[in-house]
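Numbering of the sequence shown is given in the working numbering, commencing with residue 5 and proceeding in unit increments. Don't be surprised by glycine CBs; every beta carbon is placed ideally from N, CA and C. Values in this document were obtained by computation on a predicted structure and should not be read as measured data.
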Amino acid sequence: MATYDAVVAGAGPAGSTAARLLAERGASVLLLDKHRFPRDKPCGGGVTLRAAAVQDIDLLPVVERTIYGARFSLRLGDSFDRTYAKPLTYMTQRCRLDEHLAEKAAAAGADFHQGESLRSVQADGLAVEQTPPSARPEALEGPSGVMKLPLPNPPNPTAITIRTSHGTYSARVLIGADGANGVTARAANLRPRFEEAVALEGNLPFAPDIPEDWREDVGIDLGGLAGG
Numbered sequence: 005m006a007t008y009d010a011v012v013a014g015a016g017p018a019g020s021t022a023a024r025l026l027a028e029r030g031a032s033v034l035l036l037d038k039h040r041f042p043r044d045k046p047c048g049g050g051v052t053l054r055a056a057a058v059q060d061i062d063l064l065p066v067v068e069r070t071i072y073g074a075r076f077s078l079r080l081g082d083s084f085d086r087t088y089a090k091p092l093t094y095m096t097q098r099c100r101l102d103e104h105l106a107e108k109a110a111a112a113g114a115d116f117h118q119g120e121s122l123r124s125v126q127a128d129g130l131a132v133e134q135t136p137p138s139a140r141p142e143a144l145e146g147p148s149g150v151m152k153l154p155l156p157n158p159p160n161p162t163a164i165t166i167r168t169s170h171g172t173y174s175a176r177v178l179i180g181a182d183g184a185n186g187v188t189a190r191a192a193n194l195r196p197r198f199e200e201a202v203a204l205e206g207n208l209p210f211a212p213d214i215p216e217d218w219r220e221d222v223g224i225d226l227g228g229l230a231g232g
């Protein structure tokens, strides 16, 4: 059974970033995702400048368009817009962004296992609970605003057993980045405190008559569809 300092479940932006930062600091890391990359995710595809700075890596290879303005409308009617001299956000596709971040984690030394789904988690001698922000460990400010938290020291340094569709691993730390409905959330009994909804995403090319300056804006319409 292979042993790691940390196993990260889910290779979205949060999971891949956590895996990369740990690997860069010398930890042995296993990054798992049930899908093979590239894969799509329902998402607007916007990366704010603050989020890009936290990544502390070059995202330009996956940036499709830089946004300088926003247009807000009500039921596709009355609208107002704002334009800025500096970029507001970068637009990308999650299939490209997530693959890029996972590749960076692997390049830093993390073992990236694609198409391997988490099945169960067993923690020996550990109590898992959801703590309020005021009770969480003090965070330290790291490079580029990255927040670092001290690793826990369980009684057994390899106290967590992770079973997947491909094998069994042990680790000091399991990072659950597999979503609100993921296996780690269920294992820790972290029930989502929100109503579930369906998200739909579509990608359409610009019509030839769309002015070029409009292509640097993001449009947000409120109330155009029931529940939207």
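> Secondary structure at Thr70, three-state DSSP: helix, strand or coil?
Replying inline: Here residue 70 refers to the residue found at position 66 when the sequence shown is read from its first residue. The answer is strand: DSSP assigns Thr70 an E or B state.
> Which term fits Lys90, buried or exposed, when burial requires 16 or more other beta carbons within 10 angstroms of its beta carbon?
Replying inline: Position 86 of the sequence shown, counted from the start, is the residue given in the question as residue 90. Result: exposed.
>> Restricting to Cα atoms, I'd like to know which of Ile214, Leu64 and Ala203 is closest to Thr52.
In response: On the sequence shown, residue 52 is found 48 positions in, with the first residue counted as 1. Looking at the Cα atoms, Leu64 is the closest of the given residues.
> Measuring CA to CA, which of Ala192, Ala27, Gly223 and Arg24 is closest to Ala127?
Replying inline: Here residue 127 is taken as the residue at index 123 of the sequence shown, counted from 1. Of the listed residues, the one whose Cα sits closest to Ala127 is Ala192.
>> When you compare the stretch 62-76 with the stretch 205-216, are there three or more beta-carbon pairs, one atom per stretch, that lie closer than 8 angstroms?
In response: no
> Since Val177 and Ala6 are thought to touch, with beta carbons under 8 angstroms apart, how far apart are those beta carbons, to the nearest angstrom?
Replying inline: Counting from one through the sequence shown, the residue named residue 177 turns up at place 173. Counting from one through the sequence shown, the residue named residue 6 turns up at place 2. Incorrect: roughly 15 angstroms between the Cβ atoms, too far for contact.
>> What does DSSP give as the partner residue(s) for Tyr173 in the beta ladder?
In response: As a position in the sequence shown, residue 173 is number 169, starting the count at 1. Tyr173 pairs with Ala6 and Ile166.
> Among Arg100, Glu200, Gln118 and Ser20, which residue has its Cα nearest to the Cα of Ser169?
Replying inline: Taking the sequence shown and counting its residues from 1, the one referred to as residue 169 is at position 165. Of the candidates Arg100, Glu200, Gln118 and Ser20, the one whose C-alpha sits nearest the C-alpha of Ser169 is Gln118.
>> Below 8 angstroms, how does it come out for the stretch 27-42 and the stretch 99-118: are there three or more Cβ pairs, yes or no?
In response: yes
>> One question on the structure: do Arg79 and Gly227 come within less than 8 angstroms of each other, judged by their Cβ atoms?
In response: Stepping through the sequence shown from its first residue, residue 79 is reached at position 75. Stepping through the sequence shown from its first residue, residue 227 is reached at position 223. Yes, the Cβ-Cβ distance between Arg79 and Gly227 is below 8 angstroms.
> According to DSSP, is His39 helix, strand or coil?
Replying inline: Translated into the one-based positions of the sequence shown, residue 39 becomes position 35. Coil.
> Could you check where the alpha helix (DSSP H) with Gln59 kicks off and where it finishes?
Replying inline: Along the sequence shown, read from residue 1 onward, the residue named residue 59 stands at position 55. Note, Gln59: alpha helix (DSSP H), Leu53 to Gln59.
> CB-CB under 6 angstroms to Gly223, same chain, minus the five flanking residues each way: which ones, in chain order?
Replying inline: The count along the sequence shown starts at 1 and reaches residue 223 at position 219. These residues qualify, in order along the chain: Arg75.
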